[in-house]
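Written out below as structure tokens is the structure these notes cover.
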Amino acid sequence: MATPAPASFSHPSKLQRVLACVLCQQRKVKCDRKFPCENCVKTHVQCIPATLTPRRQRRVLPERELLHRLHRYEDLLRQNNIDLESLPTDTTAENESSQATTGHHPAHPDMASPPSSMATSEPDYEAKSIWQAMSEGIDDSSSSSHEGVRTQEFMVRRAWDQFSHDDDRLFFGSRKAAVDLVTLHPSPAQIFRLWQVYLDNVNPLLKVTHIPTLQPRVVSATGNLTIIDANLEALMFSIYCLAVLSLDAGDCQAMFGSSQEHLLTTYSFGCQQALSNANFLRTDDLDCLTALYLYLVSVRSSTVPRSLSSMLGVAIRIAQRMGIENETRLSKHSIFEAEMRRRLWWSLTIFDTRTAEKADGHVATLTPIWDCNVPLNVNDSDLWPEMKEPPVQSKSTDALFAVVCSELADFVRHAAFHLDFAAPALKVLAKDTELGMVEATMENKYLKFCSQSNPLHYMTIWTARSFLAKFGLLKHLSSYFNSPGHKGLGGDAERNIALSHALDALECDTKIMISPLMKGFHWFMGNHFPGLSYVHLAYDLRRRPANELSERAWEAMSDNHDARFMPLTTDSPFFKIFAKLILQAWDAREAVLRQSGRELVLPRVVVSIRQTMGSSSSSIGLQPSPGDSAVELTDSQMMNPTGFGDPNMINFGLPWADLYSNMSSDALLGFDMCQPELNMMSWQ
1 MATPAPASFS HPSKLQRVLA CVLCQQRKVK CDRKFPCENC VKTHVQCIPA
51 TLTPRRQRRV LPERELLHRL HRYEDLLRQN NIDLESLPTD TTAENESSQA
101 TTGHHPAHPD MASPPSSMAT SEPDYEAKSI WQAMSEGIDD SSSSSHEGVR
151 TQEFMVRRAW DQFSHDDDRL FFGSRKAAVD LVTLHPSPAQ IFRLWQVYLD
201 NVNPLLKVTH IPTLQPRVVS ATGNLTIIDA NLEALMFSIY CLAVLSLDAG
251 DCQAMFGSSQ EHLLTTYSFG CQQALSNANF LRTDDLDCLT ALYLYLVSVR
301 SSTVPRSLSS MLGVAIRIAQ RMGIENETRL SKHSIFEAEM RRRLWWSLTI
351 FDTRTAEKAD GHVATLTPIW DCNVPLNVND SDLWPEMKEP PVQSKSTDAL
401 FAVVCSELAD FVRHAAFHLD FAAPALKVLA KDTELGMVEA TMENKYLKFC
451 SQSNPLHYMT IWTARSFLAK FGLLKHLSSY FNSPGHKGLG GDAERNIALS
501 HALDALECDT KIMISPLMKG FHWFMGNHFP GLSYVHLAYD LRRRPANELS
551 ERAWEAMSDN HDARFMPLTT DSPFFKIFAK LILQAWDARE AVLRQSGREL
601 VLPRVVVSIR QTMGSSSSSI GLQPSPGDSA VELTDSQMMN PTGFGDPNMI
651 NFGLPWADLY SNMSSDALLG FDMCQPELNM MSWQ
């Protein structure tokens, strides 16, 4: 008997709605919704079911509504007497915002958290907007209400911007008459020569300008300086200033037929006027902020550090208003724009930190309270304004030096030993990254791919190693605060480690200063005199004159002295400080050698100082007397030190002077480390 077939339990498919065919819809006639339909049969045409036609996407914002809003905003601006031509233009495409940071990686990938944990625990560094809060809190869900709040915010800010048209005098003084900047520009031939000097000497170290996009603008502007954009003009003058600063005085005279001092004075004045024309104090333009930064770098050697630090505070505040230190706000810019802002923020922050330390200030800029990513290690040619995907990072690029400095700064701003001196209250945010891991990361990630025959690579290698050595010295010095009774750095083994770090830093500095490859970069090294190394060596060598590292220390100081300070003159107040430190330390060493009957060979640095002083060490009053333990310097002397070319080549500064001043007098053996002129040390 045949087995009956099993009943089918399949559910019938859901009937789809049958639409009129395409031609009937276009003709707006009734369709019988068959295939082919009666109308198409009669007209002998192909009947196309409507379901075969892709559904047209709904427009998010009809053009008519967009134009209506635009006219409404323009009417509001006119009602408030705001000139439409004065409004800033912003061509940033926000639809690229989600891609702005995807190419960035942690500075220390071996110590980074897994992506899944970072997504849930990463803090939000963006300050909340009161206007946005009011907009979100409106009960009316219509977009027009939210747009109204945003419009009011814009109108209020614009009204404040137009409150005064002459507030830039706060920085550069008032102008009785407009200055014709065309007369201050160099000739076209000299502009291109200065531009090339900037490309060779400045751009490789700072990397705050994108050469492939800036160069065509400079060429075009040079053709007609009367119609140049105000922000670009300020940037060009700042480039003139730094290009001139980076040259030797003799090269400057030979290339341009004018003294370096005259050119710096002319171009600095032009830059000030151009910045004022660009309304730099209220700017949101990256070119304008970059111009201000480059200008401040160019006046470094002729400005008192305390004054320069105050001026840099203005640049930092402008940068924060623009949000270039905040990844949330950077994500709203294109990949290219966000990357250039990161480069500027790190360069500005590092320079501000160094300047503030020379100004005897416990600077709090280089701290863990902001979240700007370290710049990508990519060439300028890998970046362009229209790019949609982040570039792939390379091992060795034209941004290498800036990236390495930024990564080291990123490490140190999270380091407890740095926060001990800069912002102790933020030590709760410190990371426990070992210095040895950072050294290994730098060597394996960057330095091993460098060639010492390449000027930029050579500069990167020895600057990075110098910074790491100084970090090691700082770490040992910070341990003093945690020692019982603040009585010192421990036994001889610990002191030798600290002394070795100081020697490493000094020797790295010497390698940079004596290399012929580094001639174009000496302007940068003028801001990084190894003051802490000299002070620590002098202190330790006087306390322990027979130390096993003494001979190496005296040779290292002699080599660095030959590289930086030849010839010497006695009219510099910094020379007097330097001479006193060195000769006091040598007196202790000389006494030990005489007692032991060993051969007495004067170090070159001691010979040079004594010859310069024109007498023996005993005739310059090295033994301190009560009330006269320090070389007295007036403010006017500090403003115009002479005798060493760039005063920053030997300007002592030591924000950690209290570290030494609190040590026992027996340990110091006569040093007065609390004197105001011994005031320089930098994390750099």
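The numbering used here applies: residue 1 is where the sequence shown begins, and numbers increase by one.
Backbone N, C-alpha and C fix where the C-beta goes; we use that ideal spot for every residue, glycine too.
All values derive from a computational prediction rather than experimental measurement.
Problem set entry | Straight-line gap, residue 277 to residue 390 (C-alpha atoms, nearest Å) | For the purposes of this step, residue 277 is identified with residue 277 of the sequence shown, where counting begins at 1. For the purposes of this step, residue 390 is identified with residue 390 of the sequence shown, where counting begins at 1. Taking C-alpha positions only, residue 277 is separated from residue 390 by approximately 35 Å.
Problem set entry | Length at least 3, wholly inside the stretch 276-340: the beta strand (DSSP E) runs in chain order | none
For this session: For residue 256, I'd like the list of residues in its chain whose CB is within less than 7 Å of its CB, leaving aside the five on either flank, ordered along the chain.
Result: Position 256 of the sequence shown, counting from 1, holds the residue named residue 256. Around residue 256: 190 and 263.
Problem set entry | Own chain residues within Cβ distance below 7 Å of residue 235, not counting five before or after | By one-based count along the sequence shown, residue 235 stands at place 235. Correct list, in chain order: 287, 290 and 291.
For this session: Hey, could you find the ends of the alpha helix (DSSP H) residue 472 is sitting in?
Result: Here the question's residue 472 lines up with position 472 in the sequence shown. It spans 455-478 - the alpha helix (DSSP H) in which residue 472 sits, taken as one unbroken run.
For this session: Return the Cβ separation of residue 305 and residue 359 in integer angstroms, given the expectation that the two are a contact with Cβ distance under 8 Å.
Result: In the sequence shown, the residue the question calls residue 305 occupies position 305. In the sequence shown, the residue the question calls residue 359 occupies position 359. Correct: roughly 4 Å between the Cβ atoms.
Problem set entry | For residue 392, the nearest candidate out of 597, 337, 556 and 378 (CA to CA) | What you label residue 392 is simply residue 392 of the sequence shown in a count that begins at 1. Of the candidates 597, 337, 556 and 378, the one whose C-alpha sits nearest the C-alpha of residue 392 is 378.
For this session: Assuming residue 442 and residue 404 form a contact by the criterion Cβ under 8 Å, report the distance between their Cβ atoms to the nearest whole angstrom.
Result: As a position in the sequence shown, residue 442 is number 442, starting the count at 1. As a position in the sequence shown, residue 404 is number 404, starting the count at 1. For residue 442 against residue 404, the beta-carbon gap comes to about 7 Å, under 8 Å, which counts as contact.
Problem set entry | Euclidean distance between Cα positions of residue 513 and residue 302 | Sequence index remark: in the sequence shown, residue 513 carries index 513 (1-based). Sequence index remark: in the sequence shown, residue 302 carries index 302 (1-based). Computed Cα separation, rounded: 21 Å.
For this session: Give the single residue among 478, 331, 475 and 510 whose Cα lies nearest to the Cα of residue 458.
Result: Against the sequence shown, residue 458 aligns to sequence position 458. Of the listed residues, the one whose Cα sits closest to residue 458 is 510.
Exercise. Does the beta-carbon of residue 43 have 16 or more other beta-carbons within 10 angstroms, so that it is buried, or is it exposed?
Worked result: Taking the first residue of the sequence shown as 1, we reach residue 43 at position 43. The residue is exposed, with fewer than 16 neighbouring Cβ atoms inside 10 Å.
Exercise. How is residue 66 classed by DSSP in three states: helix, strand or coil?
Worked result: Along the sequence shown, one-based indexing puts residue 66 at 66. Here residue 66 sits in helix by DSSP.
Exercise. Are three or more beta carbon pairs between the stretch 544-557 and the stretch 494-501 nearer than 8 Å?
Worked result: yes
Problem set entry | Beta-carbon proximity list for residue 242, same chain, < 7 Å, skipping 5 on both sides | Indexing the sequence shown from 1 puts residue 242 at position 242. 198, 202, 294, 297 and 298.
Problem set entry | Assigned secondary structure, residue 387 (DSSP; H/G/I helix, E/B strand, else coil) | Translated into the one-based positions of the sequence shown, residue 387 becomes position 387. Looking at residue 387 - three-state DSSP - the assignment turns out to be coil, as it is neither helix nor strand.
For this session: Under 8 Å by Cβ, that's how I've got residue 534 and residue 581 pegged, so tell me the actual separation to the nearest angstrom.
Result: In the sequence shown, residue 534 corresponds to position 534, counting from 1. In the sequence shown, residue 581 corresponds to position 581, counting from 1. Right, their Cβ atoms sit about 7 Å apart.
Exercise. Do you know how far the Cα of residue 528 is from the Cα of residue 508?
Worked result: By 1-based counting over the sequence shown, the position of residue 508 is 508. By 1-based counting over the sequence shown, the position of residue 528 is 528. Between residue 508 and residue 528, the alpha-carbon positions lie close to 12 Å from each other.
For this session: Along the alpha helix (DSSP H) that carries residue 241, what are the first and last residues, could you check?
Result: Residue mapping note: residue 241 aligns to position 241 of the sequence shown, counting from 1. That run of the alpha helix (DSSP H) goes 230-245.
Exercise. Looking only at its own chain, which residues have a Cβ that is under 6 Å from the Cβ of residue 438, when we skip the five neighbours before and after it?
Worked result: Within the sequence shown, residue 438 is the residue found at index 438, counting from 1. Within the same chain, residue 438 has close Cβ partners 411.
For this session: Can you grab the Cα-Cα spacing for the pair residue 518 / residue 406, in whole Å?
Result: Indexing the sequence shown from 1 puts residue 518 at position 518. Indexing the sequence shown from 1 puts residue 406 at position 406. Rounded to whole angstroms, residue 518 to residue 406 spans 21 Å at the Cα level.
Exercise. Can you name, in chain order, every residue of its own chain whose Cβ lies under 8 Å from the Cβ of residue 603, other than the five neighbours on each side?
Worked result: Residue 603 sits at position 603 when you count from the first residue of the sequence shown. Contacts found: 554, 555, 557, 558 and 586.
Problem set entry | Proximity below 8 Å, CB of residue 225 to CB of residue 182 | As a working note, residue 225 is residue 225 in the sequence shown. As a working note, residue 182 is residue 182 in the sequence shown. Yes, Cβ-Cβ distance for residue 225 and residue 182 is below 8 Å.
Problem set entry | Outcome for residue 611 when other beta-carbon atoms lying within 10 angstroms are tallied against a minimum of 16 | Counting from 1 along the sequence shown, the entry for residue 611 is found at position 611. Classification for residue 611: exposed.
Problem set entry | Opening and closing residue of the alpha helix (DSSP H) in which residue 539 lies | As a position in the sequence shown, residue 539 is number 539, starting the count at 1. 531-543 is the span of the alpha helix (DSSP H), which, as asked, contains residue 539.
For this session: Starting from residue 40, trace the alpha helix (DSSP H) both ways and give me its first and last residue.
Result: If you number the sequence shown from 1, residue 40 lands on position 40. Its alpha helix (DSSP H) spans residues 38-43.
Problem set entry | Stretch pair the stretch 331-338 + the stretch 365-372: three plus CB contacts closer than 8 Å | no
For this session: Could you check how far apart the C-beta atoms of residue 495 and residue 540 are, in whole angstroms? I think they sit under 8 Å.
Result: Mapped onto the sequence shown, residue 495 falls at position 495. Mapped onto the sequence shown, residue 540 falls at position 540. Confirmed, Cβ separation roughly 6 Å.
For this session: Identify whether residue 424 lies in helix, strand or coil by the three-state DSSP scheme.
Result: Locating residue 424 in the sequence shown gives position 424, counting from the first residue. Three-state result, residue 424: helix.
Problem set entry | With 16 other Cβ atoms within 10 Å as the buried cut-off, status of residue 317 | As a position in the sequence shown, residue 317 is number 317, starting the count at 1. Result: exposed.
Exercise. Got a sec, what are the start and stop residues for the alpha helix (DSSP H) residue 194 sits in?
Worked result: Working through the sequence shown from its first residue, we reach residue 194 at position 194. Here the alpha helix (DSSP H) through residue 194 covers 188-197.
For this session: In the DSSP assignment, find the alpha helix (DSSP H) that holds residue 498 and state where it starts and stops.
Result: What you label residue 498 is simply residue 498 of the sequence shown in a count that begins at 1. DSSP places residue 498 inside the alpha helix (DSSP H), whose first and last residues are 492-514.
For this session: For the alpha helix (DSSP H) holding residue 594, just list the boundary residues, first then last.
Result: Along the sequence shown, one-based indexing puts residue 594 at 594. Its alpha helix (DSSP H) spans residues 573-596.
Problem set entry | Reduced DSSP category for residue 375 - H, G, I as helix; E, B as strand; rest coil | For the purposes of this step, residue 375 is identified with residue 375 of the sequence shown, where counting begins at 1. Coil.
Exercise. The alpha helix (DSSP H) spanning residue 47 covers which residue range?
Worked result: If you number the sequence shown from 1, residue 47 lands on position 47. Counting along the chain, residue 47 falls outside any alpha helix (DSSP H), and DSSP gives it neither H nor E.
For this session: Can you tell me which of the three DSSP states residue 224 falls into?
Result: Working through the sequence shown from its first residue, we reach residue 224 at position 224. Coil at residue 224, not helix or strand.
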